[in-house]
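Visitor: Its first residue numbered 57, the sequence shown is counted upward by one per residue in the numbering used here.
Beta carbons: idealized from backbone N, C-alpha and C, even for Gly.
Please read through the structure below; I'll follow up with questions.
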Amino acid sequence: MKKKVAVLLAMAMAAGVLSGCGGSGGKETTAAATEAADAKETTAAEKETEKETEKADEGEKKQALSVSLDAEPDSLDLAKVSDMYSTTVVSQMIEGLTAIRVDENGAETVEPGMAESWESSEDQMTWTFHLRDAKWEDGVDVKAGDFEYAIKRILNPETASPISGNILFIKNAEEAVAGSVGIDEVGVKALDDKTLEIQLAYPAPYFLSSCAGSSMLPMRQDIVEANGDSYGTEADKIVGNGPFSLKEWVHNSKISYVKNPSYWNADAVKLEELTMKIINEETARIGEFENGGIDVVPVSTAEWVEKLDQNKDYVKKVVSLPRTEYLFFNQEVELFSNEKVRQAFSIALNREEIASEVYQGMQEPAYGWIPNSMQVDGVNFREMAGEPIQELIEENPDPKALLIEGLKELGMSEDPSQVTVQLMSRNTSQDIAEYFQYTFNTVLGVNVEIDPVEWPVFQERNRGLDYEMGFKSYGADFDDPYSMMQLWMTGVKTVPTGWSNEEYDRLMTEASQSLDKELRAKDYKEAEALVLRTATICPYAYST
Numbered sequence: 057m058k059k060k061v062a063v064l065l066a067m068a069m070a071a072g073v074l075s076g077c078g079g080s081g082g083k084e085t086t087a088a089a090t091e092a093a094d095a096k097e098t099t100a101a102e103k104e105t106e107k108e109t110e111k112a113d114e115g116e117k118k119q120a121l122s123v124s125l126d127a128e129p130d131s132l133d134l135a136k137v138s139d140m141y142s143t144t145v146v147s148q149m150i151e152g153l154t155a156i157r158v159d160e161n162g163a164e165t166v167e168p169g170m171a172e173s174w175e176s177s178e179d180q181m182t183w184t185f186h187l188r189d190a191k192w193e194d195g196v197d198v199k200a201g202d203f204e205y206a207i208k209r210i211l212n213p214e215t216a217s218p219i220s221g222n223i224l225f226i227k228n229a230e231e232a233v234a235g236s237v238g239i240d241e242v243g244v245k246a247l248d249d250k251t252l253e254i255q256l257a258y259p260a261p262y263f264l265s266s267c268a269g270s271s272m273l274p275m276r277q278d279i280v281e282a283n284g285d286s287y288g289t290e291a292d293k294i295v296g297n298g299p300f301s302l303k304e305w306v307h308n309s310k311i312s313y314v315k316n317p318s319y320w321n322a323d324a325v326k327l328e329e330l331t332m333k334i335i336n337e338e339t340a341r342i343g344e345f346e347n348g349g350i351d352v353v354p355v356s357t358a359e360w361v362e363k364l365d366q367n368k369d370y371v372k373k374v375v376s377l378p379r380t381e382y383l384f385f386n387q388e389v390e391l392f393s394n395e396k397v398r399q400a401f402s403i404a405l406n407r408e409e410i411a412s413e414v415y416q417g418m419q420e421p422a423y424g425w426i427p428n429s430m431q432v433d434g435v436n437f438r439e440m441a442g443e444p445i446q447e448l449i450e451e452n453p454d455p456k457a458l459l460i461e462g463l464k465e466l467g468m469s470e471d472p473s474q475v476t477v478q479l480m481s482r483n484t485s486q487d488i489a490e491y492f493q494y495t496f497n498t499v500l501g502v503n504v505e506i507d508p509v510e511w512p513v514f515q516e517r518n519r520g521l522d523y524e525m526g527f528k529s530y531g532a533d534f535d536d537p538y539s540m541m542q543l544w545m546t547g548v549k550t551v552p553t554g555w556s557n558e559e560y561d562r563l564m565t566e567a568s569q570s571l572d573k574e575l576r577a578k579d580y581k582e583a584e585a586l587v588l589r590t591a592t593i594c595p596y597a598y599s600t
């Protein structure tokens, strides 16, 4: 009998995400991304499963995998791919200069992708990439100019890309986004069809990992310009150079791929077909799994884990993700312009209760922003930095009193019951939304109205600062704090909150530009404490 795979993933999968986008999501790991990766690098148990499958289905040659995707992708325009679902989809069909692999011990390595080799100047400020002989799925050669065009399109202020902040380490990138220099001044240049030169504004220890990220994926200028605003909106309005070709996109239903025979490493790709069925509700996903409609399913509740464990034909895989769930506040709204008000909302949450009661032990309580699995130059960040939110809670044991102080400073009524807050949420995240509603009413005395919307609408309203309070999750592209913390620097548009802080920008700039490990650790620690103690964001769970 063919065994099926049940994957335990965090509720973050159902809650929505920016992710950090990484080449194949890097660590923008999602159920589908993890599953597709597992399809290429199988564990010993899965190899055994394959053998059983071959025996049961003797004579059947086609290798096909069907998985679930929790929501419709926000956009497949590569300059606008900033959420987990979009990143998952494009990561199967587009490959960057490098690729991030995770070995059997969980360690990340950077391997050649479209670039077969590279070298840097002695000061690590100039990098030269040599592209391999590779083609787009329509037979056109992949050229260095495709990377130059793509990166400059993302940094062009006219594009208003939400992921431009991911690559500000490139020379003149920050100035180009601000419009103070022309896009031609950005330090990216195709020296010839096979050679790409990238000049940096400062040495970046994470640069090669970033080259696998969504902000540095190649784009075909002819395809983008031929389709205009409709680029990436349908399967036939984007081309890929990766292991799979996007065959069909039935909106809000399914995304289908076939193996790309033009991919440079096609012989290593065992799957011939890959299907992602867009299923919002967990019960519906599990029903589809049990009925044989999908081969892999993310499971986020303890009851379903226990039930599925009873079927010995299912294979369970537990995946730990470098991802954090968090609340965020629009500081252009009067109420959340006050630091004490935001702090009150943060310390009002019982994170242990969220982990045990809402997520039933499937996630870990978060008292920091950087996930507890991440490193800074080989040192575990959480062990080094401590728990800033725990310290804030200990200093302010009465969140309601702190809220009233904030209301007084704003000149508003000091009666919390007169406060009503709109909580923007994904329409499939009802459980945690209702928990927030109940908690903030019980602990703070304020009224919370849940405002459920579809994921693409959520993203659009977030970017337009058309909300009061919202929640989602964010995952790292690569194993360095910069991947998570650049999000809150002034001018970064991935998750707009209206917050800007010169000291935070200074710390992040110094940390990102330094090769001094002690200084980087110190600056990242102080920067994280700053963004959390001012309650710019309110993390509450680490995805496990």
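Can you list, in chain order, the residues of its chain with a C-beta nearer than 8 Å to that of residue 229? Leave out the 5 residues immediately preceding and following it.
Guide: Counting only Cβ-Cβ distances below 8 Å, and skipping sequence neighbours, we find 211, 220, 223, 242, 243, 257.
Visitor: With H, G and I counted as helix, E and B as strand and the rest as coil, what does DSSP make of residue 558?
Guide: Helix, per DSSP.
Visitor: Which residue comes first and which comes last in the alpha helix (DSSP H) that contains residue 202?
Guide: Here the alpha helix (DSSP H) through residue 202 covers 200 to 211.
Visitor: Bridge partners of residue 122, per DSSP?
Guide: Beta-bridge pairing links residue 122 to 331.
Visitor: Out of 377, 182, 123, 561, point me to the one whose CA is closest to residue 313's CA.
Guide: The option with the nearest alpha carbon to residue 313 is 123.
Visitor: Pick helix, strand or coil for residue 309, following the three-state DSSP scheme.
Guide: If DSSP states are grouped into helix, strand and coil, residue 309 belongs with coil.
Visitor: If the criterion is Cβ atoms closer than 7 Å, does the pair residue 416 and residue 357 meet it?
Guide: Against a cut-off of 7 Å, the Cβ pair of residue 357 and residue 416 comes out as a contact.
Visitor: Check whether the segment 254 to 271 and the segment 145 to 163 are in contact - that is, three or more C-beta pairs closer than 8 Å.
Guide: Flag = yes, the segment 254 to 271 and the segment 145 to 163 touch.
Visitor: Would you kindly work out how many angstroms separate the C-alpha atoms of residue 373 and residue 239, rounded to a whole number?
Guide: So the two alpha carbons sit approximately 46 Å from each other.
Visitor: Anyone know if the C-beta pair for residue 504 and residue 472 falls short of 7 Å?
Guide: Contact: no.
Visitor: Please classify residue 494: is it buried, with 16 or more other beta-carbons within 10 angstroms of its beta-carbon, or exposed?
Guide: Counting Cβ neighbours within 10 Å, residue 494 comes out exposed, since fewer than 16 surround it.
Visitor: Per DSSP, what kind of secondary structure is residue 480 in: helix, strand or coil?
Guide: DSSP places residue 480 in strand when its eight states are reduced to three.
Visitor: Rounding to the nearest angstrom, what Cα-Cα distance links residue 341 and residue 438 in this structure?
Guide: In a straight line, the C-alpha of residue 341 is about 34 Å away from that of residue 438.
Visitor: Any chance the segment 458 to 477 sits against the segment 506 to 515, with 3 or more Cβ pairs inside 8 Å?
Guide: Counting Cβ pairs under 8 Å, fewer than three are found: no touch.
Visitor: Assign residue 394 to buried or exposed, taking buried as 16 or more other Cβ atoms, counted over all protein chains shown, within 10 Å of its Cβ.
Guide: Residue 394 comes out buried.
Visitor: Less than 7 Å separating the beta-carbons of residue 377 and residue 599?
Guide: Yes, the pair counts as a contact, with Cβ atoms nearer than the cut-off.
Visitor: Just how far apart, CA to CA, sit residue 207 and residue 252?
Guide: For residue 207 and residue 252, the distance between alpha carbons rounds to 12 Å.
Visitor: Looking only at its chain, what residues have a beta carbon closer than 7 Å to the beta carbon of residue 585, apart from the 5 residues adjacent to it on each side?
Guide: Taken in chain order, the residues that qualify are 444.
Visitor: To which residues does DSSP link residue 468 through a beta bridge?
Guide: Looking at the DSSP assignment, residue 468 forms no beta bridge with any residue, so it has no partner.
Visitor: Between 249, 346, 350, which has its C-alpha nearest residue 360's C-alpha?
Guide: The option with the nearest alpha carbon to residue 360 is 346.
Visitor: Using the C-alpha atoms, what's the distance from residue 201 back to residue 371?
Guide: Cα-Cα distance, rounded: 44 Å.
Visitor: Within the continuous alpha helix (DSSP H) that includes residue 440, where are the two ends?
Guide: Residues 437 to 441.
Visitor: Please state the DSSP three-state secondary structure of residue 102.
Guide: No answer about residue 102 holds up, because its pLDDT of 46 lies below 50 and its placement is not dependable.
Visitor: Please name the residue in 389, 567, 408, 146 whose C-alpha comes closest to that of residue 476.
Guide: The candidate whose alpha carbon is nearest that of residue 476 is 389.
Visitor: Short check: CB of residue 400 to CB of residue 459, under 7 Å?
Guide: Taking 7 Å as the Cβ cut-off, residue 400 and residue 459 qualify as a contacting pair.
Visitor: So, do the segment 171 to 182 and the segment 302 to 317 have three or more beta carbon pairs nearer to each other than 8 Å?
Guide: Contact fails: fewer than three Cβ-Cβ distances are below 8 Å.
Visitor: Could you compute how far the alpha carbon of residue 78 sits from the alpha carbon of residue 275?
Guide: Residue placement at residue 78 is poorly supported in this model, since its pLDDT is 29, which falls under 50; the coordinates still yield a value, given next. Distance between the alpha carbons of residue 78 and residue 275: 16 Å.
Visitor: Please report the straight-line C-alpha distance between residue 580 and residue 592, rounded to a whole angstrom.
Guide: If you take the alpha carbons of residue 580 and residue 592, they lie about 16 Å apart.
Visitor: What is the rounded straight-line gap between the Cα of residue 192 and the Cα of residue 368?
Guide: Approximately 42 Å between the Cα atoms of the pair.
Visitor: By alpha-carbon positions, which one of 168, 120, 203 ends up nearest to residue 134?
Guide: Residue 134 has its Cα closest to that of 203, out of 168, 120, 203.
Visitor: Short of 6 Å in beta carbon distance, which residues of its chain neighbour residue 209, apart from the five on each side in sequence? Order them along the chain.
Guide: Cβ neighbours of residue 209 beyond the five flanking positions: 135, 215.
Visitor: State yes or no: is the C-beta of residue 142 within less than 7 Å of the C-beta of residue 126?
Guide: No, the Cβ-Cβ distance between residue 142 and residue 126 is not below 7 Å.
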